[in-house]
Amino acid sequence: MARSLTGKIAFNTVVQIAGKVVTVFFALLTTVLLVGYLGKTGFGDYIYVITLLILFGCLADWGTSTIGAREAAKNPSRQAVLLGQFFLFKAVFSFLAVIGLLLFLPRAVIWMALFLLFKSGRDFLAMVWQARLQMHKTAIVDMIASGLILFISWLFVRLGLGVDQLLFGYLLATVLALGAGIFLMRGQ
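For the sequence shown, this note's numbering assigns the number 199 to the initial residue and increments by one for each residue that follows.
Here you go:
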């Protein structure tokens, strides 16, 4: 039986809050793990790259996720066309952000440039789910991503790997989370 609009919104809100608590907890554990392993300088290098990633990720999105979800939700009959247009727009901005990011650092930034492309795919899925009031799927993918980042970081620390490899692990977690998101989209 279909849930009412109020029920869907309440469910999505509760799941988003729970998902945020889990992802923040995983991020805290990852931070403690990496600070202890990399030391101040290594963790500083790691955070520098992550900060650039966040900056260029915001530039790649440029508000399209929020606007796209709103417009798609307001126009259900044109939803497929609108989502396709926003996907193309996000792809262009992501490509430009990747070019900008590649100007900053060597190999570590290559991982992060690729990350932007895969993160853009996750953001697109989140936009679709927001338009369809299925934000619980976004929360699931976010929890998977942060859990994988924690696990892969722990594994790479145990293997004695460095900052470049840890950043590759960040990319790997994002690719796997995108795969989980695509799996959740099946049949839609």
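Built from N, CA and C at the ideal position, the CB exists for glycine as well.
For G261, there is no enclosing alpha helix (DSSP H), since its DSSP letter is neither H nor E.
In this structure, W309 keeps its C-beta atom at 8 Å or more from the C-beta atom of L376. Taking V326 as the centre and dropping the five residues before and after it, the same chain places the C-beta of L281 closer than 7 Å to its C-beta, in chain order.
With a contact defined as Cβ atoms closer than 8 Å, M333 and N210 qualify at about 4 Å. Here the region 281-293 does not lie against the region 345-353, with fewer than 3 beta-carbon pairs under 8 Å apart. A329 places its beta carbon less than 8 Å from that of A270. The continuous alpha helix (DSSP H) containing G377 extends over residues 361-383. When only Cα atoms are considered, F293 and L315 end up about 7 Å apart.
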